[in-house]
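Residue 2 is where the sequence shown starts when you use my numbering, and the numbers rise one by one after that. Idealized CB from N, CA, C, for every residue including glycine. Note that this is a predicted model, so its numbers are computed, not measured.
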Amino acid sequence: RPAPRPAGSRPRTPASPRRVPQRPRFTSRAAVLVLVLAVLTVSYASSLRAYLEQRRHIESLQQDIATSQASITSLQREKRRWNDPAFVKTVAHQRFGWVMPGEIGFQVLDDHGRPVAHQDSLSDPDEVTEANRPLWWQSAWGSVVQAGKPVVKPADAPQPVKRIKVPKDTQPGGTSR
2 RPAPRPAGSR PRTPASPRRV PQRPRFTSRA AVLVLVLAVL TVSYASSLRA
52 YLEQRRHIES LQQDIATSQA SITSLQREKR RWNDPAFVKT VAHQRFGWVM
102 PGEIGFQVLD DHGRPVAHQD SLSDPDEVTE ANRPLWWQSA WGSVVQAGKP
152 VVKPADAPQP VKRIKVPKDT QPGGTSR
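Structure below.
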């Protein structure tokens, strides 16, 4: 316990105030900590960059796979269409002008002598369903409507051609086409 002070005395002050030395702001421990954090940041940044590049590469590969699968589906549908004899006959008729035995082939020309384009096409066999076909009574009603239309007068109907003449266009050398 401190001794009691006599009255009127001043507290003792040291002769020279002792200064506490200030610690430096940047110590060796702080330097090591900053160095470790920098190394970790660099290593994680390079790993993160590699990860992001791999993700982009995977996404582009997945897009390529999806495109390839769509192409495969389209080609399989086209293959199924080529297995249909009606489709093959139609394509042969349209592209090459082939006709079945007994048929007469012809081509409609416009005013300038160019072939008139046709709008015939076959639908995809996968798209044909019972819902797309007309009901039986709709077909029957269509025949009733057709029966009620006036008949064309025989005088108005064009006469059928009895004989088709092939033009004799010869090429040089005396051979015909």
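Contact belief for D125 with R56 at Cβ below 8 Å, rounded distance in angstroms: Wrong, their Cβ atoms sit about 38 Å apart, outside the cutoff.
Where L136 falls: helix, strand or coil (DSSP): coil
Pull up the CB-CB distance for I165 and I105, whole angstroms please, since I reckon it's below 8 Å. 7 Å
Bridge partners - P116, DSSP secondary structure assignment: L110
Straight-line CA distance for A219 to V37? Since the first residue of the chain shown is 2 and the last is 178, residue 219 is not available in this structure.
Roughly how many angstroms separate the alpha carbons of V117 and N133, rounded to a whole number? 29 Å
Inspect the beta-carbon positions of R82 and F88 and report whether they are closer than 7 Å. yes
Same chain, Cβ closer than 7 Å to G98, five either side skipped, listed in chain order: G106
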